[in-house]
Amino acid sequence: MEDSKKRNKTSKRLRHLAGRANLGADALCLDPSREYGLVLEGGGAKGAFQIGAWRALSEAGIRIKGISGVSVGALNGALICMDDLNRAEEIWERIDELSVMDVKAMGGSLKESAAELKRLVKERGVDTAPLKNLLHHAVDEEKIRNSPCELFVTTFSLSDLELLKKDVKTMPEGEIEDILMASAYFPVFKQERLGGKYYTDGGGFNNVPIDVLLERGYEDIIVIRIYGLGLDRERWAKIPEGTKVYHIAPREDLGGILEFDRKRSRKNMALGYLEGCRLLYGLVGRRYYIYAPQTEAYYFDRMMSELELLKIYLESVLEPETIEVLGSYRFYTETIFPELAVRLGLSKDWDYRELYLAILEELASALKLNRYHVYRADELYREIYKGLLKTGKLPKSG
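This is how it looks when you write it as structure tokens:
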């Protein structure tokens with residue numbers, strides 16, 4: 001009961017931080033009647049992003065048929081295979097308490113980092129006990145074996161000098177934790193045998209193991225990128241005709257691969273959730289997450305009917321003499337809007353939908369509106385309007 005309460009509390013904190021899409025099945029860009037393969041990249045502490053993305057997929061009813069993971073992606077893959085989202089979120093929420101890796105000060109001063117490196121050399125690497133304890137606490141072998149979801153992990157055998165792609169469910173009883181450990185065996189770990197052999201992190205040889213699912217005939221594949229260290233073999237993968245590959249990827253820095261910190265993990269889970277929603281619902285926006293499915297003509301009409309709001313933004317970027325001569329639609333379309341598109345860094349083939357949303361983002365950013373939320377375009381407009389009323393830039397009667 002105690003663990004259940006903790007997990008529910010963690011889940012609520014994540015939803016508070018990231019908001020919740022609530023856009024409905026009719027807004028989905030993916031087909032929930034199909035089954036998807038999931039590729040989970042390696043990247044250490046950045047792996048929290050993958051769990052946030054899983055929440056978005058889970059809420060949308062996207063069915064995962066099989067998972068190919070490496071390093072932290074293998075560990076997260078096991079949690080997904082077990083289908084216990086709240087448990088996965090709780091683990092990442094408590095990642096600093098669990099002390100996954102006893103490495104200190106590597107992100108500190110040069111003197112501190114040098115001292116830590118000296119310690120690691122003296123002790124012949126990082127102790128593996130914390131990660132092994134985490135695996136023992138988190139992994140339920142029976143749940144994995146009974147899951148309808150396939151699970152494949154990639155590792156490299158130093159003993160055989162061979163890249164291995166393992167079907168986890170075929171492992172002998174009691175060895176699932178070992179193969180997951182082998183996949184995540186960071187080069188800085190102390191060398192210890194697992195099942196009589198030495199291994200190292202598979203990410204150094206194949207950090208985006210999409211080939212594992214392609215070889216098994218998967219035709220709908222979602223790749224969750226976190227840009228960890230390692231060889232990105234996806235760029236050389238031959239995608240068969242008819243196979244669709246979708247990507248969920250961060251648009252901002254996720255921190256270091258050894259930054260096992262609660263605050264960072266919570267933020268990365270929120271970002272994963274929001275970027276998952278970007279794929280699922282076709283969200284747009286460079287800084288914000290906006291659902292804007294209507295036509296270009298619709299957003300042009302919105303922009304022209306909201307000139308009072310537009311002029312507030314224009315006053316911040318145009319010269320006063322230009323503001324004074326604002327008038328006809330033609331002046332806006334031929335002079336003002338093309339200039340704004342350049343100022344906002346829009347593509348050469350920009351359209352009025354893109355321009356309107358970029359202006360909303362600029363105003364939202366100036367008002368410091370919450371970024372970690374999925375907004376409908378009209379909802380974002382209302383929040384901006386309320387914010388401008390508070391600042392006195394709009395008359396209350398407006």
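The opening position of the sequence shown corresponds to residue 1 in our numbering, with each subsequent residue numbered one higher.
Cβ atoms here follow ideal geometry from the backbone N, Cα and C, with glycine treated the same way.
Which whole-angstrom value describes the C-beta separation of residue 73 and residue 40, a residue pair presumed to lie in contact below a C-beta threshold of 8 Å? For the purposes of this step, residue 73 is taken as residue 73 along the sequence shown, with counting starting at 1. For the purposes of this step, residue 40 is taken as residue 40 along the sequence shown, with counting starting at 1. Their Cβ separation, rounded to whole angstroms, is 3 Å, which keeps residue 73 and residue 40 in contact under 8 Å.
According to DSSP, what are the bridge partners of residue 152? Within the sequence shown, the letter at position 152 stands for residue 152. In DSSP, residue 152 forms a bridge with 68, 167.
Nearest-angstrom Cα distance between residue 172 and residue 253? Position 172 of the sequence shown, counting from 1, holds the residue named residue 172. Position 253 of the sequence shown, counting from 1, holds the residue named residue 253. Distance between the alpha carbons of residue 172 and residue 253: 39 Å.
Any contact between the region 78-87 and the region 297-306? By contact I mean 3 or more CB pairs, one from each, below 8 Å. no
Can you tell me where the alpha helix (DSSP H) with residue 302 in it begins and where it stops? For the purposes of this step, residue 302 is taken as residue 302 along the sequence shown, with counting starting at 1. Counting along the chain, the alpha helix (DSSP H) containing residue 302 begins and ends at 296-305.
Relative to the C-alpha of residue 35, which candidate in 60, 175, 361, 258 has its C-alpha closest? Looking up residue 35 in the sequence shown gives position 35. Out of 60, 175, 361, 258, the CA that lies nearest to the CA of residue 35 is found in 60.
At a cut of 8 Å, does the region 180-190 reach the region 200-214 through at least three beta carbon pairs? yes
Does the beta-carbon distance from residue 291 to residue 352 come in below 8 Å? The residue you call residue 291 lines up with position 291 of the sequence shown. The residue you call residue 352 lines up with position 352 of the sequence shown. At least 8 Å separates the beta-carbon of residue 291 from that of residue 352.
Going by C-alpha to C-alpha distance, which of 217, 155, 267 sits closest to residue 48? Stepping through the sequence shown from its first residue, residue 48 is reached at position 48. For residue 48, the nearest C-alpha among the options comes from 267.
Which residue wins for smallest C-alpha separation from residue 249, given the options 239, 223, 345? As a position in the sequence shown, residue 249 is number 249, starting the count at 1. Among 239, 223, 345, the Cα nearest to that of residue 249 is on 223.
By Cβ distance below 8 Å, which residues in the same chain neighbour residue 63 in space, the five residues on each side in sequence not counted? Along the sequence shown, read from residue 1 onward, the residue named residue 63 stands at position 63. Taken in chain order, the residues that qualify are 32, 34, 35, 36.
Going by beta carbon distance, what residues of the same chain come within less than 7 Å of residue 178, once the five residues before and after it are set aside? Within the sequence shown, numbered from 1, the residue matching residue 178 stands at position 178. Contacts found: 194, 195.
At the level of alpha carbons, what is the spacing between residue 76 and residue 135? Sequence index remark: in the sequence shown, residue 76 carries index 76 (1-based). Sequence index remark: in the sequence shown, residue 135 carries index 135 (1-based). Roughly 11 Å separates the two Cα atoms.
Counting Cβ pairs, one atom from each stretch, are 3 or more of them under 8 Å apart for the region 271-284 and the region 303-310? no
Please identify the residue among 22, 239, 175 whose C-alpha is closest to the C-alpha of residue 140. Locating residue 140 in the sequence shown gives position 140, where the first residue counts as 1. Comparing Cα-Cα distances from residue 140 to each of 22, 239, 175, the minimum goes to 175.
Pull up the distance between the alpha-carbon of residue 311 and that of residue 288, whole angstroms please. Taking the first residue of the sequence shown as position 1, residue 311 is located at position 311. Taking the first residue of the sequence shown as position 1, residue 288 is located at position 288. Each residue's alpha carbon lies about 21 Å from the other.
Looking only at C-alpha atoms, which of 334, 226, 392, 344 sits nearest to residue 71? Residue mapping note: residue 71 aligns to position 71 of the sequence shown, counting from 1. Here the closest residue by C-alpha is 226.
On the criterion of 16 or more Cβ atoms from any shown chain inside 10 Å, does residue 356 qualify as buried, or is it exposed? In the sequence shown, residue 356 corresponds to position 356, counting from 1. Per the 10 Å Cβ criterion, buried.
Classify residue 50: buried if its beta carbon has 16 or more other beta carbons within 10 angstroms, exposed otherwise. Within the sequence shown, residue 50 is the residue found at index 50, counting from 1. The residue is buried, with at least 16 neighbouring Cβ atoms inside 10 Å.
Could you give the uninterrupted runs of the alpha helix (DSSP H) lying entirely in the region 364-397, keeping only those of 4 residues or more? 377-391
Closest by C-alpha distance to residue 241, when choosing among 260, 218, 197, 56: Along the sequence shown, read from residue 1 onward, the residue named residue 241 stands at position 241. Comparing Cα-Cα distances from residue 241 to each of 260, 218, 197, 56, the minimum goes to 218.
List the DSSP bridge partners of residue 157. As a working note, residue 157 is residue 157 in the sequence shown. Its beta-bridge partners are 162, 199.
Please check the pair residue 211 and residue 233, which I expect to be a contact at CB under 8 Å, by giving their CB distance rounded to whole angstroms. By 1-based counting over the sequence shown, the position of residue 211 is 211. By 1-based counting over the sequence shown, the position of residue 233 is 233. The pair is a contact, with the Cβ atoms about 7 Å apart (cut-off 8 Å).
Residue 138: which of 161, 126, 169, 86 sits nearest, CA to CA? Position 138 of the sequence shown, counting from 1, holds the residue named residue 138. It is 86.
Does residue 77 come out as helix, strand or coil in the three-state DSSP assignment? The residue labelled residue 77 in the question sits at position 77 within the sequence shown. Helix.
Only counting the same chain, and skipping five residues up and downstream in sequence, which positions put a Cβ closer than 7 Å to that of residue 393? Numbered from 1 along the sequence shown, position 393 holds the residue referred to as residue 393. Excluding sequence neighbours, residue 393 sits near 312.
According to DSSP, which residues form a beta bridge with residue 38? Numbered from 1 along the sequence shown, position 38 holds the residue referred to as residue 38. Answer is 67, 222.
Can you give me the start and stop residues for the alpha helix (DSSP H) that residue 273 sits inside? The residue labelled residue 273 in the question sits at position 273 within the sequence shown. Per DSSP, residue 273 is one residue of the alpha helix (DSSP H) stretching across 262-281.
Residue 342 lies in the beta strand (DSSP E); which residues open and close that run? Translated into positions along the sequence shown, residue 342 becomes position 342. Looking at the DSSP string, residue 342 is not in any beta strand (DSSP E); the run it does join, the alpha helix (DSSP H), is 337-343.
On a CA-only basis, which of 143, 160, 341 is nearest residue 169? Give me that one, please. The residue you call residue 169 lines up with position 169 of the sequence shown. Checked all of 143, 160, 341; the closest Cα to residue 169 is 143.
Residue 244 bridges to which residues according to DSSP? Start at 1 with the first residue of the sequence shown, and residue 244 comes out as number 244. Paired residues: 220.
Taking residue 165 and residue 156 to be in contact with their CB atoms under 8 Å, please state how far apart those CB atoms are, rounded to whole angstroms. Reading the sequence shown from its first residue, position 165 is the one you call residue 165. Reading the sequence shown from its first residue, position 156 is the one you call residue 156. The pair is not a contact, with the Cβ atoms about 11 Å apart (cut-off 8 Å).
Across which residues does DSSP place residue 284 in a beta bridge pair? Position 284 of the sequence shown, counted from the first residue, corresponds to residue 284. For residue 284, which the question treats as bridged, DSSP gives the partners 290.
By alpha-carbon positions, which one of 205, 147, 133 ends up nearest to residue 158? To locate residue 158, count along the sequence shown from 1; it is residue 158. Of the listed residues, the one whose Cα sits closest to residue 158 is 205.
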